[in-house]
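Q: Quick one: structure below, then a few questions.
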Amino acid sequence: MVLGSSGPDRTFWWSSRTDATRRISDRAGYNADIRADRLAVFTKDPYLDGCSVVSRLSAPRRTLWKSCRERVQAFGPGGGRLASIPILTDGLGPRDVFLRSTRGRLLAHYRTAGWFGAVDWESAKALLLDTNGSARSATVRCVVADCERASRLRPVPQL
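First residue of the sequence shown: 2, per our numbering; consecutive thereafter.
See the structure below:
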C-alpha cells in the first residue's frame with residue numbers, strides 16, 4: 002500500500018504482510034495508483050500556497066506535472082491521463098473537472114452548473130463523472146470532448 006501523511010509530511014510504502022515501511026517522499030502524498038505507477042503529493046498545504054506535483058511512484062523525484070491551481074482527482078488506468086479539479090475544492094464537489102495528459106497537457110474541460118460527485122475511469126480513455134444539477138443527477142461518460150449520459154436520471158443525492 003501507499004500511504005501519505007501530513008505533520009510530518011511524508012509518503013511511504015507499507016507492507017501489510019510484514020508491517021515494514023519504506024519512505025517514497027518527504028512530501029504529503031494525497032493520491033497514488035500503484036498499477037499506473039503514479040503519485041501526487043503536495044509541496045505544502047495548498048491553503049498556504051502549496052502546489053500539486055505528479056511523478057512516477059518508481060521515480061518520485063522526477064516531476065511529470067506540477068500545478069498550483071489544480072490537484073489530481075483520479076489517475077487513468079495505465080497512467081497516461083489524469084482528471085484534476087481546482088486545488089482548493091471542498092464541500093459538495095467541484096464545478097470543474099479537467100482532463101489532462103500525465104504531463105499536464107489539457108485535453109478537455111468539463112463544467113456543470115451544479116457539482117461533480119465521483120470522478121472515475123471506465124477505461125484508459127473514458128472518464129465517468131457523477132454530475133449533479135439542482136434536482137437531478139446522472140453519470141456522464143466522456144471521451145475527451147465527446148460526452149453522453151451513461152445512467153438514468155435520478156434525484157440529486159441528499160447530503
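Think of the CB as a built atom: it goes at the ideal place given N, C-alpha and C, for glycine as much as any other residue.
#1: Could you tell me how far apart the beta carbons of G115 and G134 are, in whole angstroms, since I believe they sit closer than 8 Å?
#2: Please name the residue in S7, C143, R137 whose C-alpha comes closest to that of A127.
#3: Name the two residues that bound the continuous beta strand (DSSP E) containing I86.
#4: Going by other Cβ atoms of all chains shown within 10 Å of its Cβ, with 16 needed for buried, is Y111 buried or exposed?
#5: Should the stretch 13–20 be called in touch with the stretch 36–53, which here means at least 3 C-beta pairs below 8 Å?
#6: Please tell me whether, using a cut-off of 8 Å, the distance from the CB of R142 to the nearest non-hydrogen atom of the ligand FMN is below it.
#7: Using the Cβ count rule (16 or more neighbours within 10 Å means buried), how would you classify E71?
#8: Three-state secondary structure (DSSP) at P156?
#9: In the DSSP assignment, what are the bridge partners of R70?
#10: Nearest-angstrom Cα distance between S6 and S26?
#11: Would you identify the three-state DSSP class for L129, choosing helix, strand or coil?
#12: For V145, is the classification buried or exposed, using 16 other Cβ atoms within 10 angstroms of its Cβ as the cut-off for buried?
#13: CB-CB under 8 Å to V120, same chain, minus the five flanking residues each way: which ones, in chain order?
A: By the coordinates alone:
#1: 4 Å
#2: C143
#3: 82–87
#4: buried
#5: no
#6: The ligand FMN is not part of the structure shown, which contains no ligands of any sort.
#7: buried
#8: strand
#9: In the DSSP output, where bridge partners are listed per residue, R70 has none listed.
#10: 10 Å
#11: strand
#12: exposed
#13: Q74, A75, A84, I86, V98, L128, L129, L130, D131
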